[in-house]
Amino acid sequence: MHELGITRNIVSIVEEAAKGRRVTRVTLDVGQLSGVMPEAILFCFDIVAKGTLLDGAKLDINSIAGRGRCRACGRAFETSTLFEPCGCGSRSIERLAGEELKIRNMEIEEAA
Ligand SMILES: [Zn+2]
Numbered sequence: 001m002h003e004l005g006i007t008r009n010i011v012s013i014v015e016e017a018a019k020g021r022r023v024t025r026v027t028l029d030v031g032q033l034s035g036v037m038p039e040a041i042l043f044c045f046d047i048v049a050k051g052t053l054l055d056g057a058k059l060d061i062n063s064i065a066g067r068g069r070c071r072a073c074g075r076a077f078e079t080s081t082l083f084e085p086c087g088c089g090s091r092s093i094e095r096l097a098g099e100e101l102k103i104r105n106m107e108i109e110e111a112a
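Mind the numbering: the sequence shown is residues 1 to 112 in the working numbering, read in order.
Laid out in structure tokens, this is it:
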């Protein structure tokens with residue numbers, strides 16, 4: 001599964017940044033045009049996190065709506081696919097947002 005590799009990647013980046021401290025929460029930005037399924041990431045996360053510094057951490061996924069701008073008429077609009085034509089009939093759409101896949105935030109347990 002595509003998302004399994006992505007989740008492994010995320011967990012290893014966060015683990016490295018945590019420098020041995022326990023991670024309690026991770027927030028991801030996932031664009032609707034990124035081709036990544038948030039449900040699949042959530043599903044993989046608990047499995048991948050097991051035995052790491054992220055074991056038991058909560059994963060929040062912040063879904064970013066896709067936005068495009070028509071190169072013909074300049075109209076900007078929300079879109080969940082890049083293949084949807086603009087209202088003016090043009091199919092030349094510039095991507096403005098929605099391809100994000102990044103770690104927005106992580107919370108680390110305070111040292112006792
Ligand atoms: Zn247009």
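Quick reminder that beta carbons are idealized off the backbone N, C-alpha and C, glycines included.
Please read all numbers here as calculations on a predicted model, not as lab measurements.
- When secondary structure is reduced to three states using DSSP, residue 107 falls in the strand class.
- Judged by the Cβ position, residue 72 qualifies as a neighbour of ligand 1 at the 7 Å threshold, a heavy atom of the ligand being closer than this.
- Secondary structure note for residue 16: its alpha helix (DSSP H) is the uninterrupted segment 2-18.
- Here the distance from the Cβ of residue 75 to the nearest heavy atom of ligand 1 is below 7 Å.
- DSSP places residue 42 in the helix class (H, G or I) of the three-state scheme.
- For residue 63, the shortest separation between its Cβ and any heavy atom of ligand 1 does not lie below 7 Å.
- The continuous beta strand (DSSP E) containing residue 77 extends over residues 76-78.
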